[in-house]
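Counting from 1, one number per residue, gives the positions in the sequence shown under the working numbering. Every residue, glycine too, gets a C-beta built ideally from N, C-alpha and C. Here the structure is laid out as structure tokens; the discussion comes afterwards.
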Amino acid sequence: MENTVDARTIKSPSQAPTLNTRDVRKPSLRLWWFLVISGLVAWIIAVVIFDYWPLIREYWTMAVVMIGGSLVAGSTPMGGGSVSFPILVYLFGEAPENARSFGLAIQAVGMMSALIFIFGRRVPVQTRLLIASCAGAAVGMVVGTFCVAPHVSRTLVKLLFSCLWMSFALLTLARNREFCSLSHKPGLEWKLALEIGLPIGLLGGLIAAQIGVGLEMVLYTVLVLLFRADLKVAVPTAVCATAVTSVIGILLHLGMRDIPRAVFGEWIVAAPVVIFGAPIGTYLVTLISRAKILYFVSALCVFQFAWSLKEISPRPAEWLFVLGALLSANIGFYLLYRRGIREERAVAASIGQ
């Protein structure tokens with residue numbers, strides 16, 4: 001539950017009250033266990049009745065890939081699709097649209113499992129900003145799927161993915177220690193949550209419609225840069241955003257009936273892995289330094305960026321896209337960071353008076 005204050009007094013992010021993380025209810029994972037066991041039973045029944053064993057033998061490697069992908073997804077502001085996309089596109093030679101659809105499908109299972117796990121353990125999240133951003137993302141997913149995706153080349157989709165996570169890597173490498181030391185748990189009134197959440201959700205949804213991920217990174221950066229939020233709030237909020245966006249996205253593609261056999265085969269193999277892996281990732285950060293995890297993931301982002309440039313061999317116009325995307329992202333990060341710092345200092349000064 002969030003603190004209640006007059007929305008008219010909230011004129012800037014720095015004036016947001018502190019999120020009330022006290023919950024009188026005891027953490028309970030009964031619902032999570034019930035849904036996980038039910039899901040596994042349903043999976044076994046489906047495999048036996050519909051004879052999916054040939055698919056499992058053909059696509060078993062995706063189960064191995066998603067062991068790491070689901071752990072990363074649950075412990076960082078990166079969806080499992082951020083791991084599967086480059087593997088499918090550059091190593092397995094699949095089309096970007098297939099990698100996107102697989103990412104949405106597998107995140108709809110793994111990240112939704114993580115969402116239920118997070119709420120069951122009463123992990124604090126910025127609920128109002130989450131709801132507002134997911135509402136914006138729903139619009140962004142629809143517009144991005146039907147109006148943008150048909151007009152974007154496969155090469156630009158690959159470059160968009162690479163630039164998105166390279167931007168995340170640069171931000172993390174530059175500010176990781178600072179981010180890991182943040183302890184603020186911002187509470188937001190609905191007015192401010194909607195003013196910020198709807199536009200960033202729209203942007204994140206447009207991106208996710210192309211590459212399967214995006215909202216989580218946008219939401220995470222706003223929380224840590226603008227609101228100076230504790231990663232214990234920012235990361236779970238990003239994980240929940242991925243879950244909701246992925247469900248919306250995969251429902252759209254199921255309605256369009258454009259899920260190929262390969263994507264279904266990869267999904268049926270990896271689903272029982274991620275249903276456990278993503279929640280384990282959310283628990284893993286209580287045992288391992290989050291700073292070390294984020295440094296490791298950032299190194300992977302740099303590697304995949306270099307890998308993608310080598311595979312694509314961008315033409316001059318595509319190099320301009322890469323440079324423009326990286327420059328735009330980092331300018332945006334800088335502006336958010338400066339505003340967050342400025343207002344944090346203003347609040348500290350007002351308290352000291």
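Nearest-angstrom Cα distance between residue i and residue j?
{"i": "ILE118", "j": "ILE56", "result": "30 Å"}
{"i": "MET1", "j": "GLN126", "result": "Here MET1 scores only 41 on pLDDT, less than 50, and its place in the model should not be relied on; the value that follows carries that caveat. Approximately 10 Å between the Cα atoms of the pair."}
{"i": "ARG100", "j": "PHE321", "result": "20 Å"}
{"i": "ALA262", "j": "ILE49", "result": "19 Å"}
{"i": "TRP33", "j": "ILE116", "result": "10 Å"}
{"i": "ASP258", "j": "GLY212", "result": "15 Å"}
{"i": "SER153", "j": "ILE106", "result": "24 Å"}
{"i": "SER308", "j": "PHE264", "result": "25 Å"}
{"i": "LEU198", "j": "SER350", "result": "30 Å"}
{"i": "CYS180", "j": "LEU188", "result": "21 Å"}
{"i": "LEU219", "j": "TRP43", "result": "32 Å"}
{"i": "CYS163", "j": "GLY79", "result": "16 Å"}
{"i": "TRP319", "j": "VAL347", "result": "42 Å"}
{"i": "LEU31", "j": "CYS240", "result": "16 Å"}
{"i": "CYS147", "j": "ARG345", "result": "43 Å"}
{"i": "VAL41", "j": "PHE227", "result": "42 Å"}
{"i": "GLY68", "j": "ILE200", "result": "28 Å"}
{"i": "ALA229", "j": "HIS184", "result": "5 Å"}
{"i": "TYR59", "j": "ILE268", "result": "9 Å"}
{"i": "TYR283", "j": "SER75", "result": "8 Å"}
{"i": "VAL123", "j": "PRO316", "result": "47 Å"}
{"i": "ASN330", "j": "ASN176", "result": "15 Å"}
{"i": "VAL285", "j": "LYS292", "result": "10 Å"}
{"i": "MET256", "j": "GLU97", "result": "13 Å"}
{"i": "PRO260", "j": "ILE341", "result": "47 Å"}
For a quick check, are the C-beta atoms of residue i and residue j less than 8 Å apart?
{"i": "PHE92", "j": "PHE161", "result": "no"}
{"i": "THR245", "j": "CYS134", "result": "yes"}
{"i": "LEU231", "j": "ARG290", "result": "yes"}
{"i": "VAL222", "j": "ILE196", "result": "yes"}
{"i": "VAL247", "j": "ALA108", "result": "yes"}
{"i": "LEU294", "j": "THR172", "result": "yes"}
{"i": "ALA193", "j": "ALA132", "result": "yes"}
{"i": "SER70", "j": "GLY110", "result": "yes"}
{"i": "ALA73", "j": "ALA271", "result": "no"}
{"i": "GLY39", "j": "ALA137", "result": "no"}
{"i": "ALA209", "j": "GLY140", "result": "yes"}
{"i": "SER28", "j": "GLY144", "result": "no"}
{"i": "VAL273", "j": "ALA114", "result": "no"}
{"i": "TYR90", "j": "GLU266", "result": "no"}
{"i": "VAL157", "j": "LEU252", "result": "no"}
{"i": "CYS363", "j": "MET166", "result": "The first residue shown for the chain is 1 and the last is 353, placing residue 363 beyond what the model contains."}
{"i": "LEU159", "j": "PRO54", "result": "no"}
DSSP on residue i, reduced to helix/strand/coil?
{"i": "PRO54", "result": "helix"}
{"i": "SER75", "result": "helix"}
{"i": "THR21", "result": "For THR21, the predicted model reports a pLDDT of 49, less than 50, meaning its position is unreliable; a value from the coordinates is still stated below. Coil, per DSSP."}
{"i": "TRP60", "result": "coil"}
{"i": "GLN304", "result": "helix"}
{"i": "GLN126", "result": "coil"}
{"i": "PHE92", "result": "coil"}
{"i": "ARG315", "result": "coil"}
{"i": "PRO150", "result": "helix"}
{"i": "ARG257", "result": "coil"}
{"i": "THR286", "result": "coil"}
{"i": "PHE27", "result": "According to the sequence displayed, residue 27 carries Pro and not Phe. In this structure, PRO27 counts as coil in the three-state DSSP scheme."}
{"i": "GLU189", "result": "coil"}
{"i": "VAL213", "result": "coil"}
{"i": "ARG121", "result": "coil"}
{"i": "GLY80", "result": "coil"}
Sort out for me which residues DSSP pairs residue i with in a bridge.
{"i": "ALA229", "result": "HIS184"}
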